[in-house]
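Residues 144 to 577 (the numbering used here) make up the sequence shown, in order. Even glycine gets a Cβ: it sits at the ideal position worked out from N, Cα and C. Comments concern the structure below.
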Amino acid sequence: MTKQTHVGRRDFVKLVGSAGLLAAAGGSIAKGADAPKAEAAAGPAKPLIRGTPAVFAPTADSVCIVWTVNGAARGWVEYGADPENLNLRSGGDAMGYTPHDERVLKVRLKGLAAGTRYWWRAASIALAPGSAKAGSQNPPPEPPPVYTAVYSFTTLAPSAAETSFVMWNDTHQNLPTIKRLSALTAGEGARQVDFLVWNGDITQRNNNEADLIPDTYVHPAGVVDLAKGPPIFLTRGNHDVRGVWANKVVDYVDFPDTHEGGVARPFYAFRSGPLGAIVLDTGEDKPDRHSSFRGLVSFEPLIEEQARWLEKVIERPEIKNAPVKVVFCHIPLRWTDEKPQDYFAKPAGFDRFSKRGRDAWHASLVKWGVRVIISAHVHRWVHIPANAEFPYAQITGGGPEKERARLVRGHVTSSGLKLTACDLDGKELAAVTF
Ligand SMILES: [Fe+2]
Numbered sequence: 144m145t146k147q148t149h150v151g152r153r154d155f156v157k158l159v160g161s162a163g164l165l166a167a168a169g170g171s172i173a174k175g176a177d178a179p180k181a182e183a184a185a186g187p188a189k190p191l192i193r194g195t196p197a198v199f200a201p202t203a204d205s206v207c208i209v210w211t212v213n214g215a216a217r218g219w220v221e222y223g224a225d226p227e228n229l230n231l232r233s234g235g236d237a238m239g240y241t242p243h244d245e246r247v248l249k250v251r252l253k254g255l256a257a258g259t260r261y262w263w264r265a266a267s268i269a270l271a272p273g274s275a276k277a278g279s280q281n282p283p284p285e286p287p288p289v290y291t292a293v294y295s296f297t298t299l300a301p302s303a304a305e306t307s308f309v310m311w312n313d314t315h316q317n318l319p320t321i322k323r324l325s326a327l328t329a330g331e332g333a334r335q336v337d338f339l340v341w342n343g344d345i346t347q348r349n350n351n352e353a354d355l356i357p358d359t360y361v362h363p364a365g366v367v368d369l370a371k372g373p374p375i376f377l378t379r380g381n382h383d384v385r386g387v388w389a390n391k392v393v394d395y396v397d398f399p400d401t402h403e404g405g406v407a408r409p410f411y412a413f414r415s416g417p418l419g420a421i422v423l424d425t426g427e428d429k430p431d432r433h434s435s436f437r438g439l440v441s442f443e444p445l446i447e448e449q450a451r452w453l454e455k456v457i458e459r460p461e462i463k464n465a466p467v468k469v470v471f472c473h474i475p476l477r478w479t480d481e482k483p484q485d486y487f488a489k490p491a492g493f494d495r496f497s498k499r500g501r502d503a504w505h506a507s508l509v510k511w512g513v514r515v516i517i518s519a520h521v522h523r524w525v526h527i528p529a530n531a532e533f534p535y536a537q538i539t540g541g542g543p544e545k546e547r548a549r550l551v552r553g554h555v556t557s558s559g560l561k562l563t564a565c566d567l568d569g570k571e572l573a574a575v576t577f
C-alpha cells in the first residue's frame, strides 16, 4: 500500500536498505561504500520507539496499547497484576501475526479481570535487514529489544458502586492546553479516574499521516505522556475525519470491539459502574456532497447505520439496565440557535448541532432514557436543560485556547451524575447534577 507521503511497506526495506534500518534500531554496521551517504541522508539515528505509548478503549476484560516506531519493527506487550512480575505476554493477531509495522504497533490485551490494575511495558525489536527476504533459513541476528517505561491501567468495573471520568475536547493540537489538561487529570490524586473521554477535534485536519497522526493522537507533540493517564475513549470530531489521510487515524487509536464480526467501529457502548454510556460518531459538519470534502467522506450512511445499531444496543442488558445513561458525541444534538445553515454560501455555513444525527437517533435515545448528551464542537461550556420536546439535557465543553478550555469531570453514582467544569488553573466554574 503506497502512500502519498511515504514509502509503502512493501518497498520499505528495499529502498531504505540496511544502513537506514540499523540507524532506526540505534545499532551500527560495518560501513560500506554507500553508508556515509546513506547516513547523511538519514540524519542522526532516531530511537526505535517514537515518543510514548497510549492506552485506548478499555473494557471490563481488555485494553488496547498503541506505540509508534521510527522504522520497521516487531513488538509485544509484557504485563501482569504484580508490578514486579510482568509475567504475561500479548499474543498474535486475528491473522496469525505478531504486530509488526514501520510506523505503529497496536496490541489489544484480552482476557483481563474486571476492575483490576495491571502493570505493563511495550517492547520492540527492529526488523533486521534480511527479514524482508521471505523464507530465509539463516536470518541475521536480531538486535536487543527496546522497551517503554512501565505503566499501569485499570480495566473497567461494570459492577462498581460508582465511577469517575474526565473529558477533554477540541484540543486542536493546542499543546499548552493539552499539557494543562494532562496535569489536571493526573492531579486527581487519590480519587480514581476510570477513563478519559477525548471528545473530538484533537487535530485540525489529517493530511499528513507520517508526522501529524502519531504526534497528535499517540504522544501529543512528543511531550504529553498519555499512558500515565487513564485509558482513553476517543470520539471523532469533524476535524478528525477531515483530510486526505483521516482514514489512517484508526491505525493509531482503537475503539472497543462491540460489533458483529469483531469489527471495531467509531461508535460503541460501555458500562462503568452505574454509568451506561453510548458513544456516537457525528461525522462532518456539512453534507457529504460538500465540495470541500473532495468526495472523501460518507458519513450520512454511517449515521443511518448507527440508528440501526442504537435500536439493538439499547436492549443490551448492561446498557438497558444502567442506572445513569449518557451519550458522548462530538457535535451536540441540541443547540441554543437551531436556524438552518447555508452550507453552500461563502463562507460556508456548518452545523452547530447535528440535526442529521438527532433526526436519526432521537427516538431510540428517548426510549433508552438518556439523561444528558455530553458534547464538544462549539468551544464553550453550555448547559441546555431537558424540556418536554427533548427529555435530555445537552452539555458542551470548552475550546482550545486557555481562556475557553475546560476540564470536565464526571462522577456517577446509582442516583445520578455530577458534572463539573474547571478552567486550566483548576478553578471550578460550573457544576450541574443530573
Ligand atoms: Fe473544534
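Item	Value
Nearest-angstrom Cα distance between residue 438 and residue 344?	21 Å
Drop a sphere of 10 angstroms on the beta-carbon of residue 495, count the other beta-carbons inside from all chains shown, and report buried for 16 or more, exposed for fewer.	buried
Does ligand 1 have even one heavy atom less than 8 Å from the beta-carbon of residue 284?	no
Could you name the residues, in chain order, whose CB is less than 5 Å away from a heavy atom belonging to ligand 1?	313 and 344
Give every residue of the same chain whose Cβ lies closer than 7 Å to the Cβ of residue 233, excluding the five residues on either side of it in the sequence, and list them in chain order.	219, 220, 250 and 252
What residue from 480, 455 and 364 has the CA that sits closest to residue 320's CA?	364
Do the stretch 466–478 and the stretch 518–536 make contact, defined as three or more Cβ pairs closer than 8 Å?	yes
To the nearest angstrom, report how far apart residue 569 and residue 312 are at their CA atoms.	16 Å
For residue 260 and residue 295, which I take to be in contact (beta-carbon distance under 8 Å), what is that distance rounded to the nearest angstrom?	6 Å
Could you give the first and the last residue of the continuous alpha helix (DSSP H) run that contains residue 449?	442–456
Assign residue 415 to one of two classes, buried (16 or more other C-beta atoms within 10 Å of its C-beta) or exposed (fewer than that).	buried
Enumerated in chain order, which unbroken segments of the alpha helix (DSSP H) with a length of 4 residues or greater are wholly contained in the stretch 180–249?	none
What would DSSP say about residue 352, mapped onto helix, strand or coil?	helix
Would you list, in sequence order, the uninterrupted alpha helix (DSSP H) runs of no fewer than 4 residues that lie entirely inside the stretch 335–421?	352–356
Extract the residue ranges of the beta strand (DSSP E) inside the stretch 292–327, only unbroken runs of 3 or more that lie entirely within it.	294–297 and 306–311
Pick helix, strand or coil for residue 556, following the three-state DSSP scheme.	strand
Can you tell me which of the three DSSP states residue 265 falls into?	strand
Going by the beta-carbon positions, is the gap between residue 513 and residue 421 smaller than 9 Å?	yes
Who are residue 425's beta bridge partners in DSSP?	Partner(s): none; residue 425 has no beta bridge.
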